[in-house]
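**Q** Top line first, the protein sequences correspond to chains A and B. According to my numbering, the first sequence is numbered sequentially starting from 1. According to my numbering, the second sequence is numbered sequentially starting from 1. Quick reminder that beta carbons are idealized off the backbone N, C-alpha and C, glycines included. My questions will all concern the structure given below.
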Amino acid sequence: MLEVTNLHARVVDAEDGEILKGLNLTVKSGEIHAIMGPNGSGKSTFANVLAGRPDYEVTEGDIKLDGESILETPPNERAHKGIFLAFQYPAEIPGVRPWQFMKAALDSRNEAHGEKKLSVREFSKLFDSKVAEVKINPDLMKRSLNEGFSGGEKKRNEMLQLAILEPRLAVLDETDSGLDVDAMGIVANAVNALRSPERSFIIVTHYVRLLHHITPDIVHVLADGRLVETGGPELAEEVEREGYKRFLSGQEAEPAPAGA
Amino acid sequence: MTTSSKQPQKISRNTDLSDQEYRWGFVTDVDADMAPKGLSEDVVRFISARKSEPEWLLEWRLKAYRHWLTLQASDAEPKWAKVKYPPIDYQDMFYYSAPKRAEDAPQSLDEVDPELLEAFEKLGVPLHEREKLAGVAVDAVFDSVSVATTFAAKLEELGIIFCSFSEAVKNHPDLVRKHLGSVVPYTDNFFATLNSAVFSDGSFAYVPPGVRCPIELMTYFRINTEGSGQFERTLIIADKGAFVSYLEGCTAPIRRTSQLHAAVVELVALDDSEIKYSTVQNWFPGTKEGVGGVYNFVTKRGRADRAAKISWTQVETGSAITWKYPSVILRGDNSVGEFYSVALTNNYQQADTGTKMIHIGKNTKSTIVAKGISAGHGQNTYRGQVKIMPGAENATNHTQCDSLLIGDKCGAHTVPYIEVQNPTARLEHEASTSKVSDDQLFYLMQRGISDEEAHHMIITGWSRDVIKELPFEFAMEASQLLKVSLEGAVG
Numbered sequence: 001m002l003e004v005t006n007l008h009a010r011v012v013d014a015e016d017g018e019i020l021k022g023l024n025l026t027v028k029s030g031e032i033h034a035i036m037g038p039n040g041s042g043k044s045t046f047a048n049v050l051a052g053r054p055d056y057e058v059t060e061g062d063i064k065l066d067g068e069s070i071l072e073t074p075p076n077e078r079a080h081k082g083i084f085l086a087f088q089y090p091a092e093i094p095g096v097r098p099w100q101f102m103k104a105a106l107d108s109r110n111e112a113h114g115e116k117k118l119s120v121r122e123f124s125k126l127f128d129s130k131v132a133e134v135k136i137n138p139d140l141m142k143r144s145l146n147e148g149f150s151g152g153e154k155k156r157n158e159m160l161q162l163a164i165l166e167p168r169l170a171v172l173d174e175t176d177s178g179l180d181v182d183a184m185g186i187v188a189n190a191v192n193a194l195r196s197p198e199r200s201f202i203i204v205t206h207y208v209r210l211l212h213h214i215t216p217d218i219v220h221v222l223a224d225g226r227l228v229e230t231g232g233p234e235l236a237e238e239v240e241r242e243g244y245k246r247f248l249s250g251q252e253a254e255p256a257p258a259g260a
Numbered sequence: 001m002t003t004s005s006k007q008p009q010k011i012s013r014n015t016d017l018s019d020q021e022y023r024w025g026f027v028t029d030v031d032a033d034m035a036p037k038g039l040s041e042d043v044v045r046f047i048s049a050r051k052s053e054p055e056w057l058l059e060w061r062l063k064a065y066r067h068w069l070t071l072q073a074s075d076a077e078p079k080w081a082k083v084k085y086p087p088i089d090y091q092d093m094f095y096y097s098a099p100k101r102a103e104d105a106p107q108s109l110d111e112v113d114p115e116l117l118e119a120f121e122k123l124g125v126p127l128h129e130r131e132k133l134a135g136v137a138v139d140a141v142f143d144s145v146s147v148a149t150t151f152a153a154k155l156e157e158l159g160i161i162f163c164s165f166s167e168a169v170k171n172h173p174d175l176v177r178k179h180l181g182s183v184v185p186y187t188d189n190f191f192a193t194l195n196s197a198v199f200s201d202g203s204f205a206y207v208p209p210g211v212r213c214p215i216e217l218m219t220y221f222r223i224n225t226e227g228s229g230q231f232e233r234t235l236i237i238a239d240k241g242a243f244v245s246y247l248e249g250c251t252a253p254i255r256r257t258s259q260l261h262a263a264v265v266e267l268v269a270l271d272d273s274e275i276k277y278s279t280v281q282n283w284f285p286g287t288k289e290g291v292g293g294v295y296n297f298v299t300k301r302g303r304a305d306r307a308a309k310i311s312w313t314q315v316e317t318g319s320a321i322t323w324k325y326p327s328v329i330l331r332g333d334n335s336v337g338e339f340y341s342v343a344l345t346n347n348y349q350q351a352d353t354g355t356k357m358i359h360i361g362k363n364t365k366s367t368i369v370a371k372g373i374s375a376g377h378g379q380n381t382y383r384g385q386v387k388i389m390p391g392a393e394n395a396t397n398h399t400q401c402d403s404l405l406i407g408d409k410c411g412a413h414t415v416p417y418i419e420v421q422n423p424t425a426r427l428e429h430e431a432s433t434s435k436v437s438d439d440q441l442f443y444l445m446q447r448g449i450s451d452e453e454a455h456h457m458i459i460t461g462w463s464r465d466v467i468k469e470l471p472f473e474f475a476m477e478a479s480q481l482l483k484v485s486l487e488g489a490v491g
């Protein structure tokens with residue numbers, strides 16, 4: 001489904017060099033991949049480059065979805081193709097209701113696929129059922145998007161969007177950071193509920209704890225812009241025990257706390 | 001009202017969305033019956049005579065004209081606003097033009113000039129579609145003369161008067177004479193004085209005591225004849241305990257030469273009454289390069305008596321220059337004044353707009369929510385005065401001024417004037433300036449929403465506190481206007 005080859009990327013107009021330095025990754029349908037790495041290894045950059053964030057430019061390599069390069073595809077069309085990014089820091093949009101936002105998002109996708117838009121009634125039904133499913137406080141849905149939401153509520157709201165949009169490839173960018181145990185459970189449940197042979201996940205995380213709730217098929221360690229090791233769930237356990245020291249030759253070692 | 005965008009979408013900072021021509025740009029070929037070019041006592045008399053006005057009104061016009069001459073001689077044209085424009089030659093314009101058929105005013109829509117109807121069609125004024133008008137009476141001003149009024153009969157049953165200003169002068173001279181100039185005197189300011197001398201037509205509404213006007217009263221204004229200024233005069237009176245909601249919407253066709261528009265609106269809210277006045281202003285803003293466009297120099301003011309409430313809501317997207325300060329004189333105890341505004345300037349548009357809240361009575365309360373959106377080379381100034389007079393015990397004001405910048409060549413300015421002469425007053429002033437952030441845009445686009453739609457969503461969301469004050473149909477139109485007005489500016 002997703003094929004990333006020799007991906008090099010850097011921040012647009014930045015003096016600094018590349019953040020991603022030749023990343024290779026293949027994700028098949030139905031797989032859950034975890035990408036772990038210390039701070040500054042390029043995890044968030046990778047997540048954002050997949051989604052087409054314009055702040056980054058790809059200098060070398062390719063990203064292919066179903067065999068076609070998406071490097072020139074703008075973010076909204078990548079979304080239409082089924083890529084979803086759960087943001088580490090979701091933006092606040094004053095005056096825009098979550099309902100309105102999701103309706104517009106779903107409409108745009110249906111339009112791009114030549115499908116019929118949901119009526120207000122149909123969409124409301126869908127929305128309300130998903131709100132109940134991810135157990136987000138319905139009162140929050142009367143507010144502006146993400147405005148006045150706590151960190152945990154923002155993440156839960158990302159899961160709501162994930163559940164509504166049902167993407168083919170969901171990228172979770174440190175969705176677990178700053179979450180308490182309950183919220184972690186919500187995120188895990190949302191992901192596990194959506195697990196299917198047609199849907200893939202890339203879970204980007206510094207910590208191991210989310211992976212106690214979602215068992216990944218494949219675990220990668222990202223260090224200095226490359227995937228330096230790939231393995232099964234046991235690799236995550238090793239990181240939990242040993243930290244990232246082994247992967248950081250000559251660099252400052254940093255432990256990976258297991259967290260709650 | 002939905003438009004789907006099929007333009008290619010990129011997210012680069014210089015996204016070039018197709019720059020649409022001014023959507024309502026067309027010229028209607030109606031032979032105008034014009035006053036001679038220039039301004040003189042003869043022209044004032046010509047206008048008055050063409051409208052068969054009573055002697056007292058002619059005298060009032062002439063007093064205004066003579067006063068205006070002294071203002072002009074002392075160079076009293078306001079210069080304090082943060083707007084730039086070449087000197088206006090007041091002798092190089094026409095002060096009166098009317099559609100040819102004005103002489104025998106049409107009795108029904110069937111008698112209206114077909115070309116006029118077609119023009120309204122393009123404007124989206126559904127005069128002949130009564131169903132669509134459901135609940136709205138339209139008094140359409142086309143180049144200064146009203147051509148049709150609907151729902152008159154229904155209103156008449158309730159004793160509500162809603163007609164053109166000229167008709168009011170003929171049929172309700174006492175009401176007009178009593179209130180004309182009572183809120184904005186002919187000596188008020190340079191442009192209001194000019195209007196008092198040469199005003200052509202406008203709207204008049206009167207709601208009798210205790211009556212709640214069941215429909216939104218609605219007027220469309222249009223400027224059509226080349227080089228003709230348009231000088232509307234609107235007078236709305238809510239008698240004791242009455243309620244009226246009034247909508248004013250505007251579009252204008254493309255013209256190369258700048259056009260002066262100096263209207264005056266007076267609102268009189270007697271004890272316990274309420275007037276809600278909503279405007280969507282979309283006059284020709286000039287070309288992308290800043291050529292042409294309407295000069296909108298307008299004086300709008302209301303007087304609120306005991307426990308009366310006046311609420312101004314405006315969405316200003318048009319005109320090359322907007323100079324406008326809808327104000328409330330809170331004369332009666334417990335009266336309330338509100339001002340909700342979104343002003344948008346794109347390309348080379350300039351807006352200097354705001355309000356004045358003059359607190360005279362006790363326990364008076366005013367609220368100001370002013371939002372300015374600047375894009376392109378647009379310059380947007382909020383200028384607002386809050387004045388608490390010595391007798392205004394326990395007056396309160398809350399002011400919120402927000403500016404949104406799109407691009408790096410535009411400007412936003414906030415100029416509050418606060419004058420407090422009573423120590424019991426409580427005033428709050430909040431101000432903010434922000435930009436449409438890349439984070440917000442990327443967030444929306446990541447969910448599949450196009451660049452253009454994302455901008456629109458962020459901007460209308462940001463304007464929501466004002467737009468929600470508009471009646472529903474108007475709110476849709478206003479939101480759409482913000483989108484159209486920003487085409488080519490976003491990205």
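Could you tell me which chain B residues have their CB closer than 7 angstroms to the CB of histidine 80 (chain A), listed as they occur along the chain?
**A** Per Cβ cutoff of 7 angstroms: Gly448.
**Q** With hydrogens ignored, establish whether the beta-carbon of isoleucine 329 (chain B) is closer than 7 angstroms to any heavy atom of the ligand PLP.
**A** With respect to the ligand PLP, the structure offers nothing, as it holds no ligand at all.
**Q** What is the residue span of the alpha helix (DSSP H) that lysine 178 (chain B) lies within?
**A** Lysine 178 (chain B) -> alpha helix (DSSP H) spans 173-179.
**Q** Going straight from the alpha carbon of glutamate 103 (chain B) to that of leucine 482 (chain B), what length do you get?
**A** Here glutamate 103 (chain B) scores only 41 on pLDDT, less than 50, and its place in the model should not be relied on; the value that follows carries that caveat. Roughly 39 angstroms separates the two Cα atoms.
**Q** Mind checking whether isoleucine 321 (chain A) and lysine 116 (chain A) have CB atoms under 8 angstroms apart?
**A** Outside the shown range of chain A (1 to 260) lies residue 321 (chain A), about which nothing can therefore be said.
**Q** Looking only at DSSP bridge pairs, what is lysine 300 (chain B) linked to?
**A** DSSP output for lysine 300 (chain B) lists B:Val265 as bridge partner(s).
**Q** Could you give the residue range of the beta strand (DSSP E) that holds lysine 155 (chain A)?
**A** No beta strand (DSSP E) contains lysine 155 (chain A), which is instead part of the alpha helix (DSSP H) from 151-165.
**Q** Could you round the C-beta distance between proline 416 (chain B) and threonine 399 (chain B) to whole angstroms and report it? I think they count as a contact, below 8 angstroms.
**A** About 7 angstroms separates the two Cβ atoms, so the contact holds.
**Q** Going by C-alpha distance, which of B:Met457, B:Ile321, B:Leu235, B:Pro326 is nearest aspartate 201 (chain B)?
**A** When only C-alpha atoms are compared, the closest one is B:Leu235.
**Q** Which of helix, strand or coil does DSSP assign to aspartate 16 (chain A)?
**A** Looking at aspartate 16 (chain A) - three-state DSSP - the assignment turns out to be coil, as it is neither helix nor strand.
**Q** Please classify glycine 232 (chain A) as buried or exposed, where buried requires at least 16 neighbouring CB atoms within 10 angstroms.
**A** When all chains shown are included, glycine 232 (chain A) counts as exposed.
**Q** Does the distance from the C-beta atom of leucine 344 (chain B) to that of serine 166 (chain B) stay below 8 angstroms?
**A** Their beta carbons are not under 8 angstroms apart, which means leucine 344 (chain B) does not touch serine 166 (chain B) by this criterion.
**Q** Could you tell me if phenylalanine 472 (chain B) is buried or exposed, where buried requires 16 or more neighbouring beta carbons within 10 angstroms of its beta carbon?
**A** Its Cβ having fewer than 16 others within 10 Å, phenylalanine 472 (chain B) is exposed.
**Q** Mind checking glutamine 421 (chain B): buried by the 16 CB within 10 Å criterion, or exposed?
**A** It is exposed - the Cβ of glutamine 421 (chain B) has fewer than 16 other Cβ atoms within 10 Å.
**Q** Should glycine 148 (chain A) be labelled buried (16 or more other beta-carbon atoms within 10 Å of its own) or exposed?
**A** It counts as exposed.
**Q** Please check if any C-beta of chain B sits within less than 8 angstroms of the C-beta of alanine 178 (chain A).
**A** Note on identity: in this sequence residue 178 (chain A) is glycine, with alanine being the wrong assignment. Output row for glycine 178 (chain A): interface = no.
**Q** Can you tell me which of the three DSSP states phenylalanine 284 (chain B) falls into?
**A** Looking at phenylalanine 284 (chain B) - three-state DSSP - the assignment turns out to be coil, as it is neither helix nor strand.
**Q** What three-state label does DSSP hand threonine 246 (chain A) in the structure shown?
**A** The displayed chain sequence assigns arginine, not threonine, to residue 246 (chain A). Helix, per DSSP.
**Q** Interface residues of chain A around serine 437 (chain B) at Cβ under 8 angstroms?
**A** Simply Ala91.
**Q** Taking only beta-carbon atoms, is glutamate 477 (chain B) less than 8 angstroms away from chain A?
**A** Not closer than 8 angstroms to any Cβ of chain A, the Cβ of glutamate 477 (chain B) fails to qualify, so no.
**Q** Report the option in B:Phe199, B:Asn296, B:Leu158 whose CA atom is closest to the CA atom of aspartate 239 (chain B).
**A** Checked all of B:Phe199, B:Asn296, B:Leu158; the closest Cα to aspartate 239 (chain B) is B:Leu158.
**Q** Three-state secondary structure (DSSP) at phenylalanine 87 (chain A)?
**A** In this structure, phenylalanine 87 (chain A) counts as coil in the three-state DSSP scheme.
**Q** Of the choices B:Thr355, B:Glu53, B:Tyr348, whose alpha-carbon is the least far from that of glycine 302 (chain B)?
**A** Comparing Cα positions, the closest option is B:Thr355.
**Q** Between the alpha carbons of leucine 175 (chain B) and serine 182 (chain B), how many angstroms are there, rounded?
**A** Going by the C-alpha atoms only, they are around 11 angstroms apart.
**Q** So what's methionine 93 (chain B) in DSSP terms, helix, strand or just coil?
**A** The answer is coil: DSSP assigns methionine 93 (chain B) none of H, G, I, E or B.
**Q** By Cβ distance below 6 angstroms, which residues in the same chain neighbour lysine 387 (chain B) in space, the five residues on each side in sequence not counted?
**A** Here the set comprises Ile358, Glu419.
**Q** At 7 angstroms on the CB atoms, spell out the chain A contacts of phenylalanine 204 (chain B), in chain order.
**A** Within 7 angstroms Cβ-Cβ: nothing; phenylalanine 204 (chain B) doesn't reach chain A, min ~36 angstroms.
**Q** First and last residue of the beta strand (DSSP E) that includes alanine 205 (chain B)?
**A** Start and end: 203-207.
**Q** Can you check which of these residues, B:Gln314, B:Pro390, B:Ala320, is closest to isoleucine 467 (chain B) by C-alpha distance?
**A** The option with the nearest alpha carbon to isoleucine 467 (chain B) is B:Gln314.
**Q** Taking only the alpha-carbon atoms, compute the straight-line gap between glutamate 21 (chain B) and alanine 320 (chain B) and give it to the nearest angstrom.
**A** Per-residue confidence for glutamate 21 (chain B) stands at a pLDDT of 47, beneath the threshold of 50, marking its modelled position as unreliable; no derived number is given.
**Q** Please go through the same chain and pick out, in chain order, the residues whose beta-carbon is closer than 7 angstroms to the beta-carbon of alanine 14 (chain A), but skip the five residues on each side of it.
**A** Correct list: empty, nothing qualifies.
**Q** Which chain B residues sit within Cβ distance under 7 angstroms of aspartate 173 (chain A)?
**A** Going along chain B, no residue has its Cβ under 7 angstroms from aspartate 173 (chain A), so there is no contact; the nearest lies around 11 angstroms.
**Q** Per DSSP, what kind of secondary structure is leucine 2 (chain A) in: helix, strand or coil?
**A** Strand at leucine 2 (chain A).
**Q** If you draw a straight line from the C-alpha of alanine 86 (chain A) to the C-alpha of threonine 460 (chain B), how long is it?
**A** Their backbone Cα atoms lie some 25 angstroms apart in a straight line.
**Q** Give the residues from the region 104-129 of chain A that approach chain E closer than 9 angstroms (Cβ to any Cβ), ordered along the chain.
**A** Any reference to chain E falls outside this structure, whose protein chains are A and B.
**Q** Based on DSSP bridge pairs, tell me the residues matched to isoleucine 160 (chain B).
**A** Per DSSP, none; premise fails for isoleucine 160 (chain B).
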